[in-house]
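I have placed the structure first, in the form of structure tokens, so that the comments after it can refer back to it.
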Amino acid sequence: KFTSEGEIVIRAMADEIGKDYDRLLFSISDTGIGIPHDKQSAIFERFIQVDSTSTRKYGGTGLGLTISSELVKLMGGEIGVQSEPGKGSTFWFTIVTDKPTEEGTRPLVIPMDLKDVPILVVDDNKTNRLILEKIVSGFGCEVFKASTGFEALSILHKKASLGDPIRLVLLDMQMPEMDGERVLKEIKMDPDLRSAKVIILTSMGHRGDAARLEGMGCSAYLLKPVRQKELFNSILTVLGQEGKAYKKTTSSLITKHVLNETEREHNSILLAEDNPVNQMLALRLLQKVGYAVDVVETGKQAVDAVQRKAYRLVLMDVQMPEMDGFEATKRIRQLEGKVSKVPIIAMTAYAMSGDREKCLQAGMDDYIPKPLNVDETLSLIKKYMAGYSTEDRMAQVRKVSQTKPFIPLYDIVTALPRFGDDKSTFYEFLGAFITHLKKSVYELEEALENKDANKANFLSHSIKGAAGNFEIRSIREPASRIEEITKKGSLEGCMEMLDQIKAIIPILEKDYRKNLPGATK
4 KFTSEGEIVI RAMADEIGKD YDRLLFSISD TGIGIPHDKQ SAIFERFIQV
54 DSTSTRKYGG TGLGLTISSE LVKLMGGEIG VQSEPGKGST FWFTIVTDKP
104 TEEGTRPLVI PMDLKDVPIL VVDDNKTNRL ILEKIVSGFG CEVFKASTGF
154 EALSILHKKA SLGDPIRLVL LDMQMPEMDG ERVLKEIKMD PDLRSAKVII
204 LTSMGHRGDA ARLEGMGCSA YLLKPVRQKE LFNSILTVLG QEGKAYKKTT
254 SSLITKHVLN ETEREHNSIL LAEDNPVNQM LALRLLQKVG YAVDVVETGK
304 QAVDAVQRKA YRLVLMDVQM PEMDGFEATK RIRQLEGKVS KVPIIAMTAY
354 AMSGDREKCL QAGMDDYIPK PLNVDETLSL IKKYMAGYST EDRMAQVRKV
404 SQTKPFIPLY DIVTALPRFG DDKSTFYEFL GAFITHLKKS VYELEEALEN
454 KDANKANFLS HSIKGAAGNF EIRSIREPAS RIEEITKKGS LEGCMEMLDQ
504 IKAIIPILEK DYRKNLPGAT K
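Read left to right, the sequence shown gives residues 4 to 524 (the working numbering).
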């Protein structure tokens with residue numbers, strides 16, 4: 004209410020890192036009316052306001068800062084303000100916290116395909132550019148910035164002429180002189196630029212905007228402020244990295260609604276429970292932490308449900324009418340395809356010796372005793388929803404990607420005769436190979452996650468053979484190793500081999516672009 008124009012920026016940072024504690028510093032800066040120096044200490048007292056006249060413009064009781072001050076002191080912190088009349092204010096406070104633990108954190112897993120992808124951020128607001136730059140560079144992308152539409156077009160043309168075009172533009176809708184809609188139009192009308200994907204960011208969405216912008220070639224339309232995960236999913240989808248994960252709609256435009264629906268489907272759980280009270284308790288627990296839950300009351304309904312919809316997890320009560328949980332699990336395991344491998348966790352009120360073994364013999368993956376312990380239940384669910392240890396795998400990816408291959412990327416001297424001793428033909432086929440490789444790697448990872456050794460064996464054999472045509476040993480050798488392991492029905496160590504392949508792809512792609520006809524060396 005004190006800031007009629009400009010901006011309000013909230014920041015959080017570490018003020019002091021101790022052995023057993025951390026002190027965090029929060030600041031809230033505005034470009035509002037500011038506070039005179041002689042009033043700054045008094046505003047933290049009860050019922051005190053800068054303007055206490057009967058004709059004062061702003062409402063309020065004068066208690067907000069007093070309450071904030073008391074809370075901060077109770078948390079072992081301090082509070083204060085820095086302000087200049089007419090120039091705005093920065094309120095700040097510190098709090099002391101325990102050292103954070105790794106348990107419960109969900110780090111964003113960055114696919115290797117995002118590494119060094121050139122992305123242009125276009126926004127006339129300096130703070131917005133800074134925030135977007137920090138978020139996108141955190142995804143591993145190469146970030147370029149522009150404060151105007153004209154500057155954006157200049158950068159796009161320059162990058163295109165160098166043979167390393169911008170692949171994605173994050174474009175603010177409201178800008179002076181040349182707004183986002185006009186910049187989008189210029190991009191899509193220019194043959195040298197039109198291949199760039201465009202995500203429009205707006206703080207003033209209007210009815211009909213999405214349909215109009217989609218018709219102009221916009222790939223996604225998001226309302227500010229955009230959350231990190233929302234932007235991450237949008238970028239992945241627009242660049243085609245998660246095409247299979249997203250639900251087909253009548254519109255190809257990515258919006259917040261489409262992302263939310265996809266997230267719900269990605270986190271879907273089937274709860275098979277006949278007791279209505281137990282149903283309500285489990286529903287409230289799961290929905291509160293963001294899972295989408297469908298409920299059935301019998302084992303037969305559970306078997307039918309998993310055939311209609313792909314669930315990430317089934318929570319199966321053992322004692323149910325019509326068909327109990329043991330029989331329902333056996334029926335699911337007998338189904339064809341991926342549905343037979345869905346993780347099933349048993350829930351039973353009879354926590355007796357031998358129950359766990361009985362559940363595992365029936366084909367269930369794990370066991371939760373009733374009444375449910377909240378922490379143990381959520382920890383177990385997170386384990387099965389996550390599948391393989393993503394953190395361990397991505398650590399391996401980073402480790403591999405940070406070291407140079409100890410062998411040449413490919414042996415073109417040996418491979419060239421297969422392509423008529425024509426380098427242009429070699430690189431033409433190499434581009435097709437990279438496209439096919441990305442698809443094969445995605446399917447191979449899916450097969451490993453589903454513990455499908457036969458499919459993994461087939462895919463790794465295909466990758467090995469294709470890479471052999473180009474003498475790409477850094478891909479052929481780990482693919483060959485996966486083939487050998489999966490041929491024996493095992494999966495041990497395959498994810499590490501797959502991560503080595505994934506680490507080579509962006510290097511190979513960069514080399515391919517560099518060697519395209521007309522590219523600047």
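Every residue gets a Cβ at the ideal spot worked out from N, C-alpha and C, and that includes glycine. What you are looking at is a predicted structure, and each value in this text was computed from that prediction instead of being measured.
Annotation: the continuous alpha helix (DSSP H) that includes Lys490 extends over Arg476 to Lys490. Going by C-alpha positions, Thr380 is about 7 Å away from Ile371. Residue pairing for Gln85: DSSP places it in a beta bridge opposite Thr93. Rounded to whole angstroms, the Cβ separation of Phe147 and Leu123 is 5 Å, and the two are in contact under 8 Å.
Secondary structure at Leu316: strand, using DSSP grouped into helix, strand and coil. Rounded to the nearest angstrom, the Cβ distance from Leu156 to Glu189 is 6 Å, consistent with a contact under 8 Å. For Asp307, the enclosing alpha helix (DSSP H) begins and ends at Gly302 to Arg311.
If you ignore the 5 residues before and after Cys362, its C-beta comes within less than 6 Å of the C-beta of Ala349 and Tyr370, all in its own chain and listed in chain order. For Pro509, DSSP records no beta bridge to any residue. The secondary-structure analysis by DSSP pairs Asp33 across a beta bridge with Ile11. The continuous beta strand (DSSP E) containing Met350 extends over residues Ile347 to Thr351. Membership of Ala470 in the alpha helix (DSSP H) is indicated by the continuous run Ala456 to Asn472.
Residue pairing by DSSP puts Arg26 in a beta bridge opposite Glu19 and Val99. In the three-state scheme derived from DSSP, where H, G and I count as helix and E and B as strand, Thr151 is classed as coil. Sequence-distant partners of Val241 (beyond 5 residues in either direction) whose C-beta falls short of 8 Å from its own C-beta, in its chain, are Leu171, Lys200, Ile202, Ser222, Ala223 and Ile257. In chain order, Glu325, Met326 and Ala331 place their CB closer than 8 Å to the CB of Lys303, counting only its own chain and leaving out the 5 sequence neighbours on each side.
Contact between the region 176 to 196 and the region 138 to 152 is present, with at least three C-beta pairs closer than 8 Å.
Of the other Cβ atoms in all chains shown, fewer than 16 fall within 10 Å of the Cβ of Met207; this residue is therefore exposed. Contact between Gly91 and Asp33 is confirmed by a C-beta separation of about 5 Å, below the 8 Å threshold. Lys385 and Pro194 have their C-alpha atoms spaced approximately 47 Å apart. Counting C-beta atoms within 10 angstroms of its own C-beta, Tyr24 has fewer than 16 neighbours from the protein chains shown and is therefore classed as exposed.
Taking the CA atoms as reference points, Ser271 sits about 33 Å from Leu174. Annotation for Pro481: Met500, Gln503 and Ile504 place their beta carbon closer than 6 Å to its own, counting only its chain and skipping 5 residues before and after.
DSSP places Asp378 within a helical segment (H, G or I) once states are collapsed to three. Taking each of Leu286, Asn278 and Ile347 in turn and checking the Cα distance to Val309, the smallest one comes out for Ile347.
Across the structure, Leu419 and Arg14 are spaced so that their CA atoms are roughly 56 Å apart. Using a 10 angstroms sphere on the CB of Leu77, the tally of other CB atoms stays under 16, which defines it as exposed. Excluding sequence positions up to five before and after Ile158, its CB lies within less than 8 Å of the CB of Leu123, Phe147, Ala149 and Ile169, all in the same chain and listed in chain order.
Comparing C-alpha distances from Ser477 to each of Glu486, Cys497, Asp368 and Leu511 shows the shortest one belongs to Leu511.
Pairing Met367 with Arg315 gives a Cβ-Cβ distance that is not under 7 Å. Look at Lys385 here: in three-state DSSP terms it is helix. Distance from the CA of Ala450 to the CA of Ala459, rounded to the nearest whole angstrom, comes to 6 Å. The C-beta of Asp320 has 16 or more other C-beta atoms within 10 Å across all chains shown, which makes the residue buried.
Collapsing the DSSP output to three states places Glu360 in a helix. Out of Gly80, Ser86, Gln85 and Ala45, the CA that lies nearest to the CA of Thr69 is found in Ala45. Ranked by Cα distance from Leu27, the first of Ala470, Leu74, Lys42 and Trp95 is Trp95.
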